[in-house]
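Per the numbering used here, residue 371 is the first one in the first sequence, and the count goes up by one each step.
See structure below.
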Amino acid sequence: MASGTPKTLVSTSLFRAAIGPSSPEPLSLLPPIPSEVPCSNVIPRTRFLVDAFLHAGDHSISYFLSHFHSDHYTGLTPNWSKGIIFCSYITSRLLVEVLKVPESFVVSLSLGEVVFIDGCDVTLVDANHCPGSVQFLFKVPVHDSKFERYVYTGDFRLCDSMKAEPFLKEFVGCEAIFLDTTYCNPKFVFPSQEDSIDYIVSVIEKFGGDRGASKGKVLFLVATYVIGKERILVEVARRCSRKVHVDSRKMLILRILGYGMSGLFTEDASESSIHVVGWNTLGNTWPYFRPDFIKMREIMLERGYDKVVGFVPTGWTYEVKRNKFMVKTKESFEIHLVPYSEHSNYCELQEFVKFLKPRSIVPTVSADVDSLDSKHLQSMQKHFAGLVDETSSKRDVLMNSRRFSSELDEMIEAGSPQEIRATTSIDASGNSCTTPVFDDLSIRVEKSSQSPLVNREAKEEALQELGVYLPAWVSRDQMLELINASGNDIIEAVSSFYERETDFFRQVSTSTSLSDVSASLITSSAVSLSVSTPANNNSARTMNLFSSIQNKVTKTNHVKKSSNPGKKPKTVSVNSKKKRKIGSTPETLNSGSGSRQSTITSFFTKKLPVSPHGCGVGNRDSPKH
DNA sequence: GCGATCAGAT
DNA sequence: CACATCTGATCGC
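Structure (structure tokens):
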């Protein structure tokens, strides 16, 4: 199929082709989209579902997958038959070869190519997340030859090339952006990927010399998960001029990703002293990073080295110090926590929104609509400023939403003298997504005739802003101090606050037993910041940042002591975890017999024919219609 | 027994 | 809670 000319695809016809002569009903006659499908996964005015395969059903026949991470593709099985899955080429290969999704249901689209699907123009642009990750641009017709434009970022990390992307530019001022809000909080300020890679390379080179053969004394370990953060490996291999050792699992994935012939990787451990290890090999990251020096020693002895230097590239860290990388050391082991992220950080999210100037924002992360009841929502909205809780996903959604909308006040734009005012509208829970227009979690940004912000109100604004991100017990005076000390830089202020908290937590946690931690934390947090904690605040409220840690600790202890070995005492209301009935399609087309969730593990346990030069897999042409 | 889904661990 | 993944238990037929 020639490239260049825009393709025209109609999902229904593809679907028919895929499932045979018994054609489905016209789109308009499909059943309504069930209300339990989160709005953050449905493109308004369409039947398009994005990254929502657990919600697949008769109501939709066009599905989109932004990237190949399990939390986005769950629901896809070898028996998939509910509709066409649109994704990037790399993702399509992974779907077919790893998950064994029937190839006839997978359609890969090229980046930057406008495709006509079910009456809508759809374009893929790179998401700079993991290999194969894309953002979807939907141009949905409404009436009078007008369109609504939607950007679905999937998981993404902003980069310069993204802002230069012409297709994305055409979506400036779009109706809504479905945004990856994973790190939508100023406390997450991590450096650019380049800086992080620079750091890793510099550490490796600091130890210099012993490259190549088995004589190497220093073993370097890089923790990654199955797919993602390959750029670190590629860059390290390239810039350190040596191969990176991976096991056969990782190598198979890398082949599918197109690195098979790069010569950057080897399965022969003796060829390299830089080895890739599994995500949890070097330690656990929760609730704070605890290195596993025992395992490191095992690996060191096993592989015949004298010293081990590990890298854990993670975006999830309480380490908020900028330009500083945490290093854990013991004997001949050291682990570098490198704040490497494949999600956009707070500043980048701001920048992206500023760039796109959307009319509304729909958070796609932590938007657990099922568990958001209207009462809770409304009360949170009402007491919003005081209810910020870093650890609550429900609140995060609101907070981030709110955050963005107020952010828009400043960001949206420059030239325009008119103020843009944001309103967060939260509907009653019964709101159905059948007409997938915005409700629940989306924020409408509307024009208003109010006067612009007056300068002298700036301080107050900043204060409120800051209040959103700090625990409720921080006093107004303290916030003022933080603001002043940071030169009115909100992010700096939040950052320095959490820096102190984190430092303190670390001190305490290394010098006391677990059961003492929570008590110490409460006391010392108050002390360290000279906070006059209101007596009527309960402790959970008081210890905001670490409340979850605290809960975890106490809960764990409690469980151990109490007679409740099997089950974790959940306080979540039963009905909030209602079972969602996925519409089971009567058409059990092509379903052979061996139907079972194909996992990556099962993929790897099979012996795949490996081509002589390790490049045979995944080299086919894109399965165009 | 089997597949789909969830809870928990890693 | 959680950057993602996998195992085993449980649910439902």
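Don't be surprised by glycine CBs; every beta carbon is placed ideally from N, CA and C.
Remember, predicted model here, so these are calculated numbers, not experimental data.
Given Val477 as reference, the closest of Ile669, Ile454, Glu467 once Cα atoms are compared: Ile454
Would the segment 428-443 count as touching the segment 489-504 if we require 3 or more Cβ pairs under 8 Å? Yes: at least three Cβ pairs fall under 8 Å.
Ordered list of alpha helix (DSSP H) runs contained in the segment 430-503, each at least 4 residues: 440-443, 459-467
Three-state secondary structure assigned by DSSP to Val708: Looking at Val708 - three-state DSSP - the assignment turns out to be strand.
Pairwise C-alpha distance: Asn654 and Thr686: One detail in the question is off: residue 686 reads as Trp in this sequence, not Thr. Their backbone Cα atoms lie some 12 Å apart in a straight line.
Assuming contact is defined by CB atoms lying nearer than 8 Å, are Phe526 and Asn498 in contact in what I supplied? yes
Helix or strand or just coil, what does DSSP make of Val679? strand
Classification of Leu671 by the beta-carbon crowding that lies within 10 angstroms, buried from 16 upward: exposed
Please return the same chain residues whose Cβ sits closer than 7 Å to the Cβ of Thr461, not counting the five positions on each side in sequence. Leu435, His437, Phe438, Gly502
Sort Ile626, Pro404, Lys452 by Cα distance to Phe973 and report the nearest one. Ile626
Report the rounded CA-to-CA distance for Cys500 versus Lys470, giving the unit in angstroms. 20 Å
Contacting residues, own chain, Cβ-Cβ under 8 Å from Glu637 (five flanking each side not counted): His615, Val616, Asp617, Ser618, Met621
For Ser1013, tell me which candidate among Leu836, Ile570, Ser640 has the shortest Cα-Cα distance. Residue 1013 is absent from the model: the chain starts at 371 and stops at 995.
Identify, in the order they occur along the chain, each residue of the same chain with its Cβ nearer than 6 Å to the Cβ of Arg846, setting aside the five sequence neighbours on each side. So no residue of the chain qualifies.
Return the CA-CA distance between Ala842 and Gln834, expressed in angstroms with no decimal places. Distance between the alpha carbons of Ala842 and Gln834 is about 12 Å.
Less than 8 Å between the CB atoms is what I'm expecting for Thr551 and Thr734, so what's the real figure, rounded? Between Thr734 and Thr551 the Cβ distance is about 7 Å, and since that is below 8 Å, they are a contact.
Would the segment 693-703 count as touching the segment 715-730 if we require 3 or more Cβ pairs under 8 Å? no
Pull the bridge partners of Leu591 from the DSSP assignment, please. Its beta-bridge partners are His645, Gly680.
Return the Cβ separation of Lys452 and Gly427 in integer angstroms, given the expectation that the two are a contact with Cβ distance under 8 Å. 7 Å
Per DSSP, Gln505 is paired with what? Val495
Would you identify the three-state DSSP class for Ser730, choosing helix, strand or coil? DSSP, reduced to helix, strand and coil, places Ser730 within a strand of the structure shown.
Whole-number beta carbon distance between Ala593 and Leu652, since they are thought to touch under 8 Å: 5 Å
Buried or exposed for Lys557, going by 16 or more other Cβ atoms inside 10 Å? buried
Out of Phe577, Thr493, Ile567, which one is the CA nearest neighbour of Glu540? Thr493
Test item: CB-CB of Phe725 and Lys533 under 8 Å: yes
Alpha carbon of Glu395 to alpha carbon of Ile403, nearest angstrom: Below a pLDDT of 50, predicted positions are generally treated as unreliable, and Glu395, at 47, falls in that range; the measurement from the model is reported next regardless. Within the model, the alpha-carbon separation for Glu395 versus Ile403 is close to 15 Å.
Less than 8 Å between the beta carbons of Gly429 and Pro401, yes or no? Here the sequence assigns His to residue 429, which means Gly is not the residue at that position. Their beta carbons are under 8 Å apart, which means His429 touches Pro401 by this criterion.
Suppose the cutoff is 8 Å on Cβ atoms and the five residues either side in sequence are ignored; what does the same chain contact list for Met849 look like? Leu833, Leu836, Gly837, Leu840, Ala863
In the structure shown, what three-state DSSP assignment does Pro408 receive? coil
Straight-line CA distance for Leu707 to Leu399? 53 Å
Where Asn858 and Val732 are concerned, what is the direct C-alpha to C-alpha distance, given to the nearest angstrom? 28 Å
Going by C-alpha to C-alpha distance, which of Ile644, Val596, Glu831, Ser640 sits closest to Arg609? Ile644
Just the C-alpha distance for Glu535 and Lys599, rounded to the nearest angstrom, thanks. 22 Å
DSSP three-state assignment for Glu718, whether helix, strand or coil: helix
Would a C-beta distance cut-off of 8 Å place Ile705 and Gly680 closer than the cut-off? yes
Starting from Pro661, follow its DSSP beta bridges and name the residues at the other end. Gly653
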